[in-house]
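Structure, as C-alpha cells:
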Ligand SMILES: CC(C)(COP(=O)(O)OP(=O)(O)OC[C@H]1O[C@@H](n2cnc3c(N)ncnc32)[C@H](O)[C@@H]1OP(=O)(O)O)[C@@H](O)C(=O)NCCC(=O)NCCSC(=O)CCS(=O)O
C-alpha cells in the first residue's frame with residue numbers, strides 16, 4: 118500500500134489544527150464552520166480532487182482519505198466540506214465539457230466556488246432512480262421543476278449539481294444532471310433541519326420553480342445522469358469512510374487520555390480490565406476500518422471499480438465510529454454525557470455517517486449485488 122503525500126498531509130494537519138479550536142462551538146451553535154472552511158481554502162484542500170491543470174492538488178485517493186480522516190478527527194463538520202467539494206468536483210472533472218471545466222474547476226480548486234450535490238428528494242433518498250423533479254426542453258434551455266431535499270451546503274453553494282428526470286417514463290435512463298448556478302431565476306433554497314450530528318453541515322431544500330437552465334449546463338449525457346451520480350457516490354462513500362474513521366479516532370483518543378488520567382478504586386482507569394479491554398477492542402476496530410478504507414482507496418488509484426469496496430469501507434467505518442464513540446462515552450461515565458465532551462459529539466457525528474451518502478442498508482445491498490448479481 119502506498120503512503121499519503123507528506124506535503125499534502127502537512128497542509129491537512131495545519132487545517133485540522135484551526136478546525137479543532139472551533140469544533141465544539143460549530144456543533145453547539147449549529148453553524149457553518151467558517152474558520153475550518155477558511156483553513157481548508159488557505160491550504161488549497163478544497164481542490165483535493167481537482168486535476169492539476171485546473172489548479173487543484175490532484176491527490177490520489179490514498180492521500181484524499183488520509184486528509185479527510187485528519188480533518189474529521191478535528192471537526193466533523195469541517196471535514197464534511199471536503200466530501201461536499203470532492204463529489205461534484207470529481208463529477209465535473211469526469212463528465213464536464215472543456216468549457217464547463219475551464220469555467221468552474223479553477224474556482225472550485227481555489228475554494229471560491231462552493232458546491233453541492235442534489236440527488237435526494239423528500240420521497241426518495243435510497244431509491245435514487247425514483248426522483249420526480251423534471252426538466253423539459255424549451256429551445257436552447259431546459260426548464261426545471263420540482264423539489265430536492267437534504268441538500269448539503271445548499272445555502273452556500275455557488276454551483277449545485279442537480280439530478281432531474283428528462284424522461285419521466287424511464288428510471289435509470291431518464292435522469293440528467295444539470296449544473297445550476299447560484300442566483301438562477303426560479304431556484305430557491307430553504308434552509309432546514311436541526312440535526313443530531315454534523316451540525317455544521319447546513320442542509321436545505323432546493324425548490325425548482327420554472328428554473329431555466331441553458332442546455333450547455335447539462336453535465337455529461339442527457340439520460341445518463343443517474344449512473345454519473347452513482348459513480349460519483351462511490352468516491353464520496355470512500356471519503357465518508359475516512360470521515361467516520363476520523364470521528365472514531367477523535368472519540369478513541371479522548372477515551373485513551375481520560376483512562377490514563379482518571380483514577381477509580383485507587384488505580385488508573387485503564388488498568389481496570391473492563392476499561393482496558395474496551396479500549397483495546399476500539400483500537401482493533403479502528404485499525405480494521407483504516408485498512409479497509411485504505412484498501413478501497415488503493416484499488417481506486419489502480420483504476421479498479423470500487424463500488425463494492427467503497428460500500429464495504431463506508432459500512433464498516435461508519436458502524437465502527439458509532440461503536441467506538443459509544444464505548445468512549447462509557448469510559449468517560451457521566452462526563453461523557455455532557456455537551457462539549459468530544460466523545461458525546463463524536464457519538465452524534467458518527468451516527469450521521471451511517472445514514473448520509475447511502476445508508477448502511479444501501480451499502481449492504483450494493484455488496485450483496487456484487488456477490489450474487491441483481492438476483
Ligand atoms: C439503490 C442503488 C444502489 C441502485 O438502485 P437501482 O437498482 O434503482 O439502480 P441500478 O439499476 O443498479 O443502476 C441504475 C443505473 O446506474 C448504473 N450504476 C449503478 N451503480 C453505479 C455505479 N456505482 N457507477 C456507475 N454506474 C452505476 C447501472 O449500471 C444502471 O445503468 P444502466 O441503466 O444499466 O445503464 C442506488 O439507487 C443507490 O445507491 N441509492 C442510494 C443513493 C444515495 O446514496 N443517496 C444519498 C446521497 S445523495 C444526495 O443527494 C446527497 C445530498 S447531500 O449533499 O447530503
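In this note's numbering, the protein residues as written are 118 to 492.
A virtual CB, placed ideally from N, CA and C, is assigned to each residue, including glycine.
Item checked: residue 138 versus 162, 194 and 175, residue with shortest Cα-Cα distance -> 194
Next item on the list: Pick helix, strand or coil for residue 332, following the three-state DSSP scheme.
Entry: helix
Notebook entry, point to check: Is the distance from the Cβ of residue 343 to the Cβ of residue 213 below 9 Å?
Noted result: no
Item checked: Local conformation of residue 473 per DSSP, three classes -> coil
Checklist line | Ordered list of alpha helix (DSSP H) runs contained in the region 352-429, each at least 4 residues | finding: 390-418
Notebook entry, point to check: In this structure, does DSSP put residue 279 in helix, strand or coil?
Noted result: strand
Checklist line | Strand pairing of residue 323, partner residues [DSSP] | finding: 265 and 306
Check: Do you know how far the Cα of residue 142 is from the Cα of residue 136?
Finding: 10 Å
Next item on the list: Please find out if some non-hydrogen atom of ligand 1 comes closer than 8 Å to the beta-carbon of residue 268.
Entry: yes
Next item on the list: May I ask you to check if the CB of residue 209 is nearer than 8 Å to at least one heavy atom of ligand 1?
Entry: no
Next item on the list: Apply the 10 Å Cβ neighbour rule to residue 182 and answer buried if 16 or more other Cβ atoms are within range, or exposed otherwise.
Entry: buried
Notebook entry, point to check: Going by DSSP, what residues sit across from residue 295 in a beta bridge?
Noted result: 279 and 335
Notebook entry, point to check: Looking at residue 154 and ligand 1, is the gap between the Cβ and the nearest heavy atom below 8 Å?
Noted result: no
Next item on the list: Just the C-alpha distance for residue 359 and residue 491, rounded to the nearest angstrom, thanks.
Entry: 28 Å
Note to self: Which of the three DSSP states is assigned to residue 149 in this structure?
What the structure shows: coil
Next item on the list: Determine the closest residue to residue 140 out of 192, 120 and 155, with distance taken between C-alpha atoms.
Entry: 192
Check: When DSSP builds the beta bridges, which residues end up paired with residue 238?
Finding: 241
Item checked: Counted within 10 angstroms of its Cβ, other Cβ atoms place residue 455 as buried (16 or more) or exposed -> exposed
Notebook entry, point to check: Should the region 384-398 be called in touch with the region 152-159, which here means at least 3 C-beta pairs below 8 Å?
Noted result: no
Next item on the list: Name the residue from 234, 413 and 166 whose alpha carbon lies nearest to the alpha carbon of residue 245.
Entry: 234
Note to self: Tell me which residues share the same chain as residue 273 and place their Cβ nearer than 6 Å to its Cβ, disregarding the 5 neighbours each side in the sequence.
What the structure shows: 231
Note to self: Any heavy atom of ligand 1 inside 8 Å of the beta-carbon of residue 397?
What the structure shows: no
Next item on the list: From the DSSP output, in three-state form, read off residue 167 for me.
Entry: coil
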